[in-house]
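J.: Using mature numbering (1 follows the signal peptide of the UniProt record, and there is no 0), the letters of the sequence shown map in sequence onto residues -24 to -1, 1 to 339. Cβ atoms here follow ideal geometry from the backbone N, Cα and C, with glycine treated the same way.
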Amino acid sequence: MRRAAIAVTAGALLSGGLLVNAQAQETGTATATDSTVEVAPEVAPEAATLREAAEATGRFMGTAIADGRLSDGTYTGIASSEFSSVTAENVMKWDAIQPSQGQYNFAAADRLMDFAAANDQQVWGHTLVWHSQLPSWVANGGFNADQLDQVIQDHINNVAGRYAGEIAYWDVVNEVFNDDGSLRQSVFLNTLGEDYIADAFHYAEAADPSAKLCINDYSTEHTGAKSDALYQRVSQLLSEGVPIDCVGFQSHLILDQYSASDIQANLQRFADLGLEVVITELDVRMDMPADQAKLDRQAQQYRDVIGACVAVTGCTGVTVWGFGDADSWVPGTFPGQGAALPWDDNYQPKPAYTGIMEGFGAS
Ligand code: 9MR
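(1) Is Tyr80 near the ligand 9MR, with its Cβ less than 7 angstroms from a heavy atom?
(2) Express the C-alpha separation of Ser215 and Thr199 in angstroms, rounding to a whole number.
(3) Below 8 angstroms, can you find three or more Cβ-Cβ pairs linking the segment 144 to 159 to the segment 71 to 83?
(4) Please classify Gln226 as buried or exposed, where buried requires at least 16 other C-beta atoms within 10 Å of its C-beta.
(5) May I have the straight-line CA-CA distance separating Leu88 from Tyr329, to the nearest angstrom?
(6) On a CA-only basis, which of Ala23, Glu252, Val281 is nearest Glu58? Give me that one, please.
(7) Report buried or exposed for Asp232, applying the criterion of at least 16 other Cβ atoms within 10 angstroms of its Cβ.
(8) Please state whether DSSP places Met262 in a helix, a strand or coil.
(9) So, is residue 385 buried or exposed, given that buried needs 16 or more other C-beta atoms within 10 angstroms?
(10) In three-state DSSP terms, what is Asp147?
(11) If you count every other CB in all the chains shown that lies within 10 Å of the CB of Phe299, and 16 or more means buried, which is it?
(12) State yes or no: is the C-beta of Ser108 nearer than 7 angstroms to some heavy atom of the ligand 9MR?
(13) Check the DSSP bridge columns for Gln79 and list the partner residues they point to.
(14) In three-state DSSP terms, what is Phe246?
(15) Rounded to whole angstroms, what's the CA-CA distance from Leu(-11) to Ala269? Just pull it up for me.
(16) Could you check whether the Cβ of Tyr139 sits closer than 7 angstroms to any heavy atom belonging to the ligand 9MR?
(17) Measuring only the C-alpha atoms, how far is Gly169 from Trp319?
(18) Going straight from the alpha carbon of Met337 to that of Ala140, what length do you get?
(19) Excluding the 5 residues preceding and the 5 following Thr5 in the sequence, name in chain order all residues of the same chain whose CB lies nearer than 7 angstroms to its CB.
(20) Measuring straight from C-alpha to C-alpha, what distance separates Asp184 and Ala136?
(21) Check for me: the beta strand (DSSP E) holding His228 runs from which residue to which?
(22) Check whether the Cβ atoms of Val306 and Asp259 lie closer than 8 angstroms to each other.
(23) Pro265 to Ala316, Cα distance in whole Å?
(24) What's the call for Asn116, buried or exposed, on a 16-neighbour Cβ count within 10 Å?
(25) Mind checking Gln97: buried by the 16 CB within 10 Å criterion, or exposed?
(26) Quick check on the DSSP output: what are the complete beta strand (DSSP E) runs of length 3 or more inside the segment 91 to 126, in order along the chain?
(27) May I ask you to check if the CB of Tyr194 is nearer than 7 angstroms to at least one heavy atom of the ligand 9MR?
(28) Is the beta carbon of Thr256 less than 8 angstroms from the beta carbon of Gly217?
(29) Phe36 and Thr292 look like a contact to me (Cβ under 8 angstroms); what is the Cβ gap, rounded to whole Å?
(30) Which one or two residues does DSSP pair with Ala64 in a beta bridge?
(31) Hey, which unbroken runs of the alpha helix (DSSP H) at 4 residues or more fall wholly within the segment 167 to 250?
(32) Answer with buried or exposed for Gln274, where buried requires no fewer than 16 other C-beta atoms within 10 angstroms of its C-beta.
(33) Helix or strand or just coil, what does DSSP make of residue 343?
(34) Can you tell me which of the three DSSP states Phe164 falls into?
(35) Comparing C-alpha positions only, which one of Tyr80, Glu28, Glu142, Ile41 sits nearest to Lys188?
(36) Buried or exposed: which applies to Asp248, given that a residue is buried once 16 or more other Cβ atoms fall within 10 Å of its Cβ?
Pasting the structure below:
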């Protein structure tokens, strides 16, 4: 990417740093004077794809992958060219990968690994310990603490161990908080107490020492009680020497309900702990039907949220939770809402696509 300093006539910048006229000229030697302002990082790189735009900022751009679409050429064409990171939307979850005790189904997860390798993409593993999509043999197995601890350790050993060295990040624990910041009741908390969180990180570290290990949750991207609880928990884990590398902020957002400055400040405080922060499941849902005005505001929201990540050095990437509206989880969970992703039902790019590009500072 071009990183030259540029001199620009004072007054030619919007507050967000965007150039609004063609006064800018490149120069390696510009200095600020009364009439010029030096804005070194604001040169918009030209990018043909989202992954190029992200890469120009040193970040990755990811998507969740729906296994059932991997035989669709339109889908795989976009997934391979536009994204540098892929997350298993469902196929690495406990119910998919170990549906009964000791029986592992790796076929779909292997498919994703192969897809990523063929397209020079990193893989984000999702997820090792989660109360949801948890098979009944775990949730209702009647295990005592020692037994359940062993069940978790076996699961992590077998899943993270199988892909050791090939997975960039693991969501080790997912959604362990309630919205008020208390720890969520689950078979894990109820049987093992809160130590199960730290233990899961230790087991993951042993199974795959090279993967970065993350805690992931929703409704934590803004400041608030849940984010505060996450911050305290992560601080405590770090002080105990737990091998945690990253915090995932899912960011399942609602149209018009966000504050980019608050998200940026929140990401920054976690980054200041020395952790990587990542937007892991971004989408922006709206009441249907969509219209041009809503799609334009959605584009702005994508742009602003990605801009918040780009403004934080420790924010190393953004993943959208699928890219085409046809595959989104939203309509099934929130009837009457949808259109949350940057491509439409027919895999045509929406204004949000340009919003993402602009969020990375690309033209
Ligand atoms: O997108 C996933 C959907 O296909 C599944 O049916 C659902 C089951 O809970 O999980 C969805 O993904 C979730 C992710 O794993 C964790 N964060 C929230 C996501 C949306 O529900």
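T.: In short:
(1) What you label residue 80 is simply residue 104 of the sequence shown in a count that begins at 1. Because no heavy atom of the ligand 9MR lies under 7 angstroms away, the Cβ of Tyr80 does not count as near it: no.
(2) Looking up residue 199 in the sequence shown gives position 223. Looking up residue 215 in the sequence shown gives position 239. Cα-Cα distance, rounded: 22 angstroms.
(3) no
(4) In the sequence shown, counting from the first residue as 1, residue 226 sits at position 250. Classification for Gln226: buried.
(5) Position 112 of the sequence shown, counted from the start, is the residue given in the question as residue 88. Position 353 of the sequence shown, counted from the start, is the residue given in the question as residue 329. If you take the alpha carbons of Leu88 and Tyr329, they lie about 24 angstroms apart.
(6) Working through the sequence shown from its first residue, we reach residue 58 at position 82. Per the Cα distances, Ala23.
(7) In the sequence shown, counting from the first residue as 1, residue 232 sits at position 256. Exposed: under 16 other Cβ atoms inside 10 Å.
(8) The count along the sequence shown starts at 1 and reaches residue 262 at position 286. Strand at Met262.
(9) Any property of residue 385 remains undetermined from this structure, which presents the chain solely from -24 to 339.
(10) The residue given as residue 147 occupies position 171 in the sequence shown. Reduced to three states, the DSSP call for Asp147 is strand.
(11) Here residue 299 is taken as the residue at index 323 of the sequence shown, counted from 1. Phe299 is buried by the Cβ-count criterion.
(12) Here residue 108 refers to the residue found at position 132 when the sequence shown is read from its first residue. Because some heavy atom of the ligand 9MR lies under 7 angstroms away, the Cβ of Ser108 counts as near it: yes.
(13) The residue you call residue 79 lines up with position 103 of the sequence shown. According to DSSP, which records beta bridges pairwise, Gln79 is partnered with Ser76.
(14) The count along the sequence shown starts at 1 and reaches residue 246 at position 270. Looking at Phe246 - three-state DSSP - the assignment turns out to be helix.
(15) As a working note, residue -11 is residue 14 in the sequence shown. As a working note, residue 269 is residue 293 in the sequence shown. Confidence in Leu(-11) is poor, its pLDDT being 29 and thus under 50, which makes the residue's placement unreliable; the coordinate value appears in the next sentence. Taking the straight line joining both Cα atoms gives about 22 angstroms.
(16) Position 163 of the sequence shown, counting from 1, holds the residue named residue 139. No; taking the cut-off as 7 angstroms, the Cβ of Tyr139 has no heavy atom of the ligand 9MR nearer than that.
(17) As a first step, residue 169 is located in the sequence shown; it is residue number 193 there, counting from the start. As a first step, residue 319 is located in the sequence shown; it is residue number 343 there, counting from the start. For Gly169 and Trp319, the distance between alpha carbons rounds to 42 angstroms.
(18) Taking the first residue of the sequence shown as 1, we reach residue 337 at position 361. Taking the first residue of the sequence shown as 1, we reach residue 140 at position 164. It is worth fixing the name first, because residue 337 is Gly in this sequence and not Met. Each residue's Cα considered, the two are about 34 angstroms apart.
(19) Position 29 of the sequence shown holds residue 5. With a pLDDT of 33 at Thr5, under the threshold of 50, the modelled position of this residue cannot be trusted, and the question is left open.
(20) On the sequence shown, residue 184 is found 208 positions in, with the first residue counted as 1. On the sequence shown, residue 136 is found 160 positions in, with the first residue counted as 1. If you take the alpha carbons of Asp184 and Ala136, they lie about 6 angstroms apart.
(21) Walking along the sequence shown from the start, residue 228 turns up at place 252. Taken as a continuous stretch (DSSP letters only), the beta strand (DSSP E) holding His228 covers 228 to 230.
(22) As a working mapping, residue 306 is identified with position 330 in the sequence shown. As a working mapping, residue 259 is identified with position 283 in the sequence shown. In contact: Val306 and Asp259 (Cβ atoms closer than 8 angstroms).
(23) The count along the sequence shown starts at 1 and reaches residue 265 at position 289. The count along the sequence shown starts at 1 and reaches residue 316 at position 340. Their Cα atoms are separated by approximately 12 angstroms.
(24) Residue numbering aside, residue 116 sits at position 140 when the sequence shown is read from its first letter. Flag for Asn116 reads exposed.
(25) Position 121 of the sequence shown, counted from the start, is the residue given in the question as residue 97. Buried, by the Cβ-count rule.
(26) 98 to 106
(27) Taking the first residue of the sequence shown as 1, we reach residue 194 at position 218. Checking every heavy atom of the ligand 9MR against the Cβ of Tyr194, one is found closer than 7 angstroms.
(28) On the sequence shown, position 280 is the one that residue 256 refers to. On the sequence shown, position 241 is the one that residue 217 refers to. No, these two residues do not count as a Cβ contact at 8 angstroms.
(29) Along the sequence shown, one-based indexing puts residue 36 at 60. Along the sequence shown, one-based indexing puts residue 292 at 316. Right, the Cβ-Cβ distance comes to about 7 angstroms (below 8 angstroms), so this counts as a contact.
(30) The residue labelled residue 64 in the question sits at position 88 within the sequence shown. DSSP lists Ile41 as partners of Ala64.
(31) 171 to 183, 201 to 215, 236 to 247
(32) Mapped onto the sequence shown, residue 274 falls at position 298. It is buried - the Cβ of Gln274 has at least 16 other Cβ atoms within 10 Å.
(33) Shown here, the chain extends from -24 to 339; a query on residue 343 therefore has no answer.
(34) The count along the sequence shown starts at 1 and reaches residue 164 at position 188. Phe164 falls in the helix class under three-state DSSP.
(35) Indexing the sequence shown from 1 puts residue 188 at position 212. Closest option to Lys188, Cα to Cα, is Glu142.
(36) Here residue 248 refers to the residue found at position 272 of the sequence shown. Result: exposed.
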